[in-house]
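Heads up: the sequence shown begins at 1 in full-length UniProt numbering, then just goes up one per residue.
Ideal placement from N, C-alpha and C gives every residue a C-beta, glycine not left out.
Here the structure is a predicted model, which means the values were calculated and not measured.
Only one structure is covered here, and it is reproduced in the block below.
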Amino acid sequence: MDGKLVICPTPLGNLGDMTERALAALRAADVVCAEDTRVTGRLLAAYGIEKRLERLDEALIGERGAGIVQRVLDGETVAYCSDAGMPGVSDPGLRLVRAAREAGAAVEVLPGPTAAATAYVASGCDNPRFYFGGFFPRKDAERAALLDGLRALDAALVFYESPNRL
Numbered sequence: 001m002d003g004k005l006v007i008c009p010t011p012l013g014n015l016g017d018m019t020e021r022a023l024a025a026l027r028a029a030d031v032v033c034a035e036d037t038r039v040t041g042r043l044l045a046a047y048g049i050e051k052r053l054e055r056l057d058e059a060l061i062g063e064r065g066a067g068i069v070q071r072v073l074d075g076e077t078v079a080y081c082s083d084a085g086m087p088g089v090s091d092p093g094l095r096l097v098r099a100a101r102e103a104g105a106a107v108e109v110l111p112g113p114t115a116a117a118t119a120y121v122a123s124g125c126d127n128p129r130f131y132f133g134g135f136f137p138r139k140d141a142e143r144a145a146l147l148d149g150l151r152a153l154d155a156a157l158v159f160y161e162s163p164n165r166l
């Protein structure tokens with residue numbers, strides 16, 4: 001059996017938003033890697049899915065990423081979940097996908113929610129274009145430089161921010 005890395009989007013707060021396709025992928029996976037195993041563990045438990053969970057967050061992606069990719073190349077199906085939304089959008093999933101692609105491993109990305117698109121639509125902004133900037137910089141100088149660079153942009157601006165930093 002050929003291995004693959006499956007990027008599984010997760011709900012943005014309501015477990016009822018989980019897709020059947022993502023659930024099927026989680027059930028079929030040999031292992032589930034997660035940004036936070038506690039969060040993904042609750043998701044799996046809610047749907048009666050019992051799988052081995054391995055933590056793969058920003059602190060561990062450099063150390064464990066190559067090993068995960070090798071397991072895919074060796075024939076395992078590895079699912080990756082972030083805490084909420086689409087893995088790879090402002091989280092370590094992007095580095096895992098890049099490493100898998102560079103190694104020639106199969107990658108399947110399931111469609112799913114992203115908070116950026118949800119925020120843009122919820123804003124009601126009457127502009128057909130939007131710019132997603134990921135997480136807003138922490139340092140004053142970096143924030144000022146970013147905003148200076150975006151002043152002339154004719155688009156709605158969407159950024160992520162931690163509730164602890166507001």
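- Shortest Cα-Cα distance from Glu20 to any of Asp2, Cys33, Leu44, Thr37 involves Leu44.
- In this model, Asp17 and Gly85 are separated by some 10 angstroms (Cα to Cα).
- Secondary structure note for Ala79: its beta strand (DSSP E) is the uninterrupted segment 77-81.
- The alpha-carbon of Thr114 is positioned some 17 angstroms away from that of Val97.
- For Ala29, the secondary structure class from DSSP, reduced to helix, strand or coil, is coil.
- Taking a cut-off of 8 angstroms on C-beta distances, the region 76-83 touches the region 6-17, as three or more cross pairs fall below it.
- Below 8 angstroms, enough C-beta pairs join the region 91-105 and the region 59-75 to call them touching: three or more.
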